[in-house]
Every structure is written in C-alpha cells, then in structure tokens.
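Under my numbering, think of the first position of the sequence shown as 2, with each following residue one higher. Backbone N, C-alpha and C fix where the C-beta goes; we use that ideal spot for every residue, glycine too. Quick notes on the structure that follows.
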Amino acid sequence: MAGPNPLQLPIDHNNYYRRGGPVFVRDAGKSNAEPTAQRYLGDSSSYLVDFLREFHGVKIVWEHRYFGDSVPFPVNLTTPWEQFEYLTTLQALEDIPAFAQAFRHPHTRVGCSYAGARAVFSRAKHPETFHAAYASSATVEAENNGNMYFQQVYRGMVGYGYENCTQSLRQIVQHSLFFSPGAEYNTHADFAGALATIYNKFQGIINKSFQTNCAGQNSSMPISCDLSQTRAPDPALISWAWTLCSEWGLGLGPAPEPYPIVSKYILSHDSRANLCNIQFPGAIDAGALPAQPEAAQLNQATGGRHVRPSNTFWTVGEFDPWRSRTPLTGTGTEHCYDLRVSSPSAHTARMRFVDNLRTWLSEWRPM
Numbered sequence: 002m003a004g005p006n007p008l009q010l011p012i013d014h015n016n017y018y019r020r021g022g023p024v025f026v027r028d029a030g031k032s033n034a035e036p037t038a039q040r041y042l043g044d045s046s047s048y049l050v051d052f053l054r055e056f057h058g059v060k061i062v063w064e065h066r067y068f069g070d071s072v073p074f075p076v077n078l079t080t081p082w083e084q085f086e087y088l089t090t091l092q093a094l095e096d097i098p099a100f101a102q103a104f105r106h107p108h109t110r111v112g113c114s115y116a117g118a119r120a121v122f123s124r125a126k127h128p129e130t131f132h133a134a135y136a137s138s139a140t141v142e143a144e145n146n147g148n149m150y151f152q153q154v155y156r157g158m159v160g161y162g163y164e165n166c167t168q169s170l171r172q173i174v175q176h177s178l179f180f181s182p183g184a185e186y187n188t189h190a191d192f193a194g195a196l197a198t199i200y201n202k203f204q205g206i207i208n209k210s211f212q213t214n215c216a217g218q219n220s221s222m223p224i225s226c227d228l229s230q231t232r233a234p235d236p237a238l239i240s241w242a243w244t245l246c247s248e249w250g251l252g253l254g255p256a257p258e259p260y261p262i263v264s265k266y267i268l269s270h271d272s273r274a275n276l277c278n279i280q281f282p283g284a285i286d287a288g289a290l291p292a293q294p295e296a297a298q299l300n301q302a303t304g305g306r307h308v309r310p311s312n313t314f315w316t317v318g319e320f321d322p323w324r325s326r327t328p329l330t331g332t333g334t335e336h337c338y339d340l341r342v343s344s345p346s347a348h349t350a351r352m353r354f355v356d357n358l359r360t361w362l363s364e365w366r367p368m
C-alpha cells in the first residue's frame, strides 16, 4: 500500500496563511470527510477559522482510510475479508506522517471522539510530525465490557431536569411490543437495541441506523419497516463495524443499578459476538476476525487511558456517555461539546487551547 498516488485533499490556505504558519489537521474520524470539509473549510464562523486567524495557519480535513473516497478496495457487503487487512488503528496512524514529510511546519491534530483518540495517539507516536494535539472527548481506551454509556445518558437527563422523562421512557421500553415484517430474523438483543435507540442515538438519526423509515420522517427515503436487513450496507458502517469487531470492542451494556433505563439484553457478551457474526458471517470461524475484539492488545500498543503525550489539550464532558474511555472529566457538558456547539463552555475550552498552543508553538523547532 505504498507508492506515488494522487491525493485529493481539501486544503484552505488563501485567507489567513502566512509563511511558516502551522498546519491544523482536522480528522474526520469514522466518516466521509466531505461533509466535515464543507463545514469547517467553508464556514467562516467555524472554530478552525478562529485558529487560523490567531496563528495564520493552513487547515486540512483528513479522511481516514477505508472511509469516503479513501478506500483501497470497494467496501460493500461482498468485500472479501482479506481486503480489510489494512484497516487497523496503528496502520491508519501512519498515513498523515507520510503525507506531512513534505512540509516543514508544526502540525496540530484536532479531533473528537475516535478522531480525538487518533490525535492523542499521533502526538504520542509521531511527535516529530505533530507538535500539538486537541483531543476532545478522546475515546483512547478500547473496551469490550463497558456499561457506563447508558449510565451517563441517564445522569445527563436527570441533571438537566428530565428524570420524569427517564421513568416514562423506561416504562415504554418495558411494555413496547412492535413486530414488523422480518422481525423473526432478529434476536432479543436486536429488539432491545432497537428500543435503546431512544437513548443511545439521541446524538444522531434513528432512521439512518436501522435503514428504515417507518413513519416517513425522512422524505428522501421510501417508507419501509422491513427489519429483515440484519446487515448494514452503508460502506462507512461496514468499515467501522470491522474496526469494532477486530480491535475496539462493542463496549456498550446495560447500565448498572440504579440506572435501569435499557433492557438487560442490550449488548450482552453473546449479543456482541452475534452482531459481528451477522455483519461478517463466517469471518470469526475462518479466523479473519478474533472471537472477541482484541481491545487489550490495542490498549497495550497505544497506551489506552494511560497515554499522556505532552502538548496535548484534553476536554471531556461530565455527561459524555464515553467518559469511561477518557482519562478525565469536565463539568456539565456532553460528548465533543467544544467542537460541535457554540456555548460559553465550548468557547472557554477553545480559548484555553489557544493560550496553550501559543506557548507550544513558540517552542517548536524543526526536527
């Protein structure tokens, strides 16, 4: 996977750049980089533009291998398992350093969630390339048996005054019966997972996750309640599922008492293995995927929650569902709050990063 190849990468350096300015690399994480590029390269009010104004730098949106257009092979439900061999966390970390060798400028990597973890790992592994990192809600710890996610969702709802809502939704989960065509192909865990969508997809779109459009909320999709499609056909979901099943783990589980807001069936040990078997039938038996994700091995290689690179600015929210995978906790905020919203707390976090980066850049010397 080496050699000269054309690289189509959105770069904006016309408005604020001055000779010798830093390079800000915004990691698109586990998604197509095009929407991220449009949002952060085309919006003059984005936080990245604020960084450029302050430091007269250039900004790049980086697309992860096997996502968007950065695919060595077509990714679909018929992709041979051996073609996923280059989709590993450690291999993907080597992509930007190879690209950045042509630029003798200080690079700062910026990302949240999985992309935030990549920012941390990049600074730790390649300090000669990345002089600094902004790690928002960085999920640096791979985990197979986590049960903290729904606990934090519950705490956040109660913290914002919605305890009655959690009780009502809990009753709905306990008593809901809904069987659409194809439901017989699914398990107790699938049904529990669908009901848990009330909680674990509050950050996204329910329809997109289940490839259905039961009530016609999405006018761009046909109305469908067919639940027999047990495999996710979206290329990004396929690539991310492989990453979870091979390394990062499906670290969701029922919240412990007194946070009983989802079914006990949600992502038990057996159901996690079943998810990987359904998405990649036969891959575990053939040895293409491990019997369970190799989370411990990945944590040993990256440092997991114990990694502490210098020149790294960390943020995480008090009610972040993934807070158990990060090494610290903030107050009264949520997942990736400082890179997604324009709240006073987000502005404060970004300004503290600017203050720190100003000092770090003054210390930079080419290696």
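Check your understanding: For PHE74, which residues of its own chain have a beta-carbon under 6 Å away from its beta-carbon, when the five flanking residues on both sides are left out?
Key -> Translated into positions along the sequence shown, residue 74 becomes position 73. Around PHE74: GLN84.
Practice item. Identify the continuous alpha helix (DSSP H) that holds LYS126 and give its terminal residues. Key: The sequence position of residue 126 within the sequence shown is 125, counting from 1. That run of the alpha helix (DSSP H) goes 115-126.
**Study point:** Cβ pair count under 8 Å reaching 3, the region 123-142 against the region 309-325
**Key:** The region 123-142 is in contact with the region 309-325.
Review point. Do you know how far the Cα of TRP241 is from the Cα of ARG351?
Key: The residue given as residue 351 occupies position 350 in the sequence shown. The residue given as residue 241 occupies position 240 in the sequence shown. So the alpha carbons of these two residues sit roughly 29 Å apart.
Exercise for review: Would you decide whether LEU8 is buried or exposed? Buried here means 16 or more other CB atoms lie within 10 Å of its CB.
Suggested key: Mapped onto the sequence shown, residue 8 falls at position 7. Residue confidence for LEU8 is low, a pLDDT of 49 falling below 50, so the modelled location carries little weight; the figure read from the coordinates is stated next. So LEU8 counts as exposed.
Exercise for review: Report, in whole angstroms, the separation of the C-beta atoms of GLY58 and TYR18, which I expect to be a contact under 8 Å.
Suggested key: Residue 58 sits at position 57 when you count from the first residue of the sequence shown. Residue 18 sits at position 17 when you count from the first residue of the sequence shown. About 6 Å separates the two Cβ atoms, so the contact holds.
Check your understanding: Taking only runs of the alpha helix (DSSP H) that begin and end inside the region 8-80, which ones reach a length of at least 4 residues, in chain order?
Key -> Runs found: 34-42, 48-56.
Exercise for review: Leaving aside the five residues before and after ALA289 along the sequence, list all residues of the same chain whose C-beta is less than 6 Å from its C-beta, in chain order.
Suggested key: Here the question's residue 289 lines up with position 288 in the sequence shown. Contacts found: TRP82.
Point to revise | Alpha-carbon to alpha-carbon, PRO234 and PHE281 | key: Taking the sequence shown and counting its residues from 1, the one referred to as residue 281 is at position 280. Taking the sequence shown and counting its residues from 1, the one referred to as residue 234 is at position 233. Roughly 11 Å between the two C-alpha positions.
Point to revise | With 16 other Cβ atoms within 10 Å as the buried cut-off, status of ALA139 | key: For the purposes of this step, residue 139 is identified with residue 138 of the sequence shown, where counting begins at 1. Per the 10 Å Cβ criterion, buried.
Check your understanding: Is ASP339 buried or exposed, if buried means 16 or more other CB atoms sit within 10 Å of its CB?
Key -> Position 338 of the sequence shown, counted from the first residue, corresponds to residue 339. Label assigned to ASP339: buried.
**Study point:** beta strand (DSSP E) runs wholly inside the region 284-324, at least 3 long, in chain order
**Key:** 313-316
Check your understanding: According to DSSP, is HIS106 helix, strand or coil?
Key -> For the purposes of this step, residue 106 is identified with residue 105 of the sequence shown, where counting begins at 1. Coil at HIS106, not helix or strand.
Point to revise | Contacting residues, own chain, Cβ-Cβ under 8 Å from ASN77 (five flanking each side not counted) | key: Taking the sequence shown and counting its residues from 1, one reaches residue 77 at position 76. Closer than 8 Å at the Cβ level, and outside the excluded window around ASN77, lie PRO234, PRO236, ILE239.
Point to revise | Own chain, CB closer than 6 Å to PHE122, minus 5 neighbours either side, in chain order | key: Counting from one through the sequence shown, the residue named residue 122 turns up at place 121. If we look at PHE122 and ignore the five residues flanking it on each side, its Cβ neighbours are LEU94, THR303.
Review point. When you compare only the Cα positions, how much space is there between TRP243 and SER71?
Key: Indexing the sequence shown from 1 puts residue 243 at position 242. Indexing the sequence shown from 1 puts residue 71 at position 70. In this model, TRP243 and SER71 are separated by some 16 Å (Cα to Cα).
Exercise for review: With DSSP collapsed to three states, give me the class of GLY160.
Suggested key: Mapped onto the sequence shown, residue 160 falls at position 159. GLY160 falls in the helix class under three-state DSSP.
Check your understanding: Which residues bound the beta strand (DSSP E) around SER132?
Key -> The count along the sequence shown starts at 1 and reaches residue 132 at position 131. Inspection of the sequence shows that residue 132 is occupied by His rather than by Ser. Run containing HIS132: 131-137, per the beta strand (DSSP E) assignment.
Practice item. Please determine, among VAL24, GLU248, LEU245, GLN298, the residue with the shortest C-alpha to C-alpha distance to GLN102. Key: To locate residue 102, count along the sequence shown from 1; it is residue 101. Looking at the Cα atoms, VAL24 is the closest of the given residues.
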